[in-house]
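My numbering runs 315 ahead of the 1-based position in the sequence shown.
Beta carbons: idealized from backbone N, C-alpha and C, even for Gly.
A quick note: this is a predicted structure, and the numbers were derived from the prediction, not measured.
The structure appears right after this line, and notes come after that.
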Amino acid sequence: MRRQETLVCAYRQNKRKPVRLVSTFCKAGVSPRGKPTAIESYSKNMGGVDRNDMFTAFYNDERKTVKMWKKIMFNLFQRFMINAYILYKKNSNNPRPLSRLQFIHEVVESLSMEHMRDRFPGQLENRKKKLRRLANGKVKDCVVCSYRSNGRRKRSRLQCGRCLRGVHSLCFNRHLVLCDEQ
């Protein structure tokens, strides 16, 4: 349907949901593959907004909340991380750059380290030295988050350098407090 400069198009392929488009750019017509030219043009020139929405759906971190401003802020933070990852990949000289999930973990770790340094001064300087990887892929139960009695057994490939007990890197700061008390 065309009214002056606006084309309204609806298309349904097989048993999929119908696609509806409004265009002022394309002319009414059908491509050699049987699709409307507006859909072919859209697929060919899909822009950054659609790609950004696609990336947002991969690691969806929506929270259930009544307050709409919180949802908006989480969505904005997620889009900031996507844009930062795109810039990282574009400017990285590393032949094998980090995956997006690894990149997110690195950013969160670095931001939390600044907070943890202020909160626990003196404990984090030798953090990497005190945490050791177990040999030959062995695993131990994490002292902090593993509860065998409840059936929540969580295994770690790392151990504390002081007490030689299994601990995750994220649980290590909490463990240091317990290890210092012993």
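Taking 8 Å as the threshold, find out whether the segment 333-342 comes into contact with the segment 383-394 through three or more Cβ pairs.
These segments do not touch.
Look at the alpha carbon of C486 and the alpha carbon of Y462, and state the distance between them as a whole number of angstroms.
Straight-line Cα distance between these residues: approximately 14 Å.
At what residue ranges does the segment 347-430 contain a whole run of the alpha helix (DSSP H), taking only runs of 4 or more?
Secondary structure within the segment 347-430: the alpha helix (DSSP H) runs of 4 or more consecutive residues, fully enclosed, are 352-359, 363-373 and 383-406 (chain order).
Hey, how far is the Cα of N488 from the Cα of N390?
The straight-line gap separating the alpha-carbon atoms of N488 and N390 is approximately 29 Å.
Which word fits G481, buried or exposed, when buried means at least 16 other C-beta atoms lie within 10 angstroms of its C-beta?
Flag for G481 reads buried.
According to DSSP, is K443 part of a helix, a strand, or is it coil?
Below a pLDDT of 50, predicted positions are generally treated as unreliable, and K443, at 48, falls in that range; the measurement from the model is reported next regardless. Taken through DSSP and simplified to helix, strand or coil, K443 comes out as helix.
Could you have a look at L473 and say whether DSSP puts it in helix, strand or coil?
Strand at L473.
Is R470 near V454, with beta carbons less than 8 Å apart?
Yes. Within cutoff.
With DSSP as the reference, label A325 as helix, strand or coil.
In the displayed model, A325 falls within a strand according to three-state DSSP.
So, helix, strand or coil for L336, using DSSP?
Three-state DSSP puts L336 in a strand.
So what does DSSP say about R448, is it helix, strand or coil?
For R448, the secondary structure class from DSSP, reduced to helix, strand or coil, is strand.
Please state whether the Cβ-Cβ distance between H504 and C457 is less than 8 Å.
The structure shown has nothing for residue 504, since the chain only spans 316 to 497.
My output table needs one value for L479: the three-state DSSP class, helix, strand or coil.
Coil.
Reducing DSSP to helix, strand and coil, say where R331 ends up.
R331: coil per DSSP, three-state reduction.
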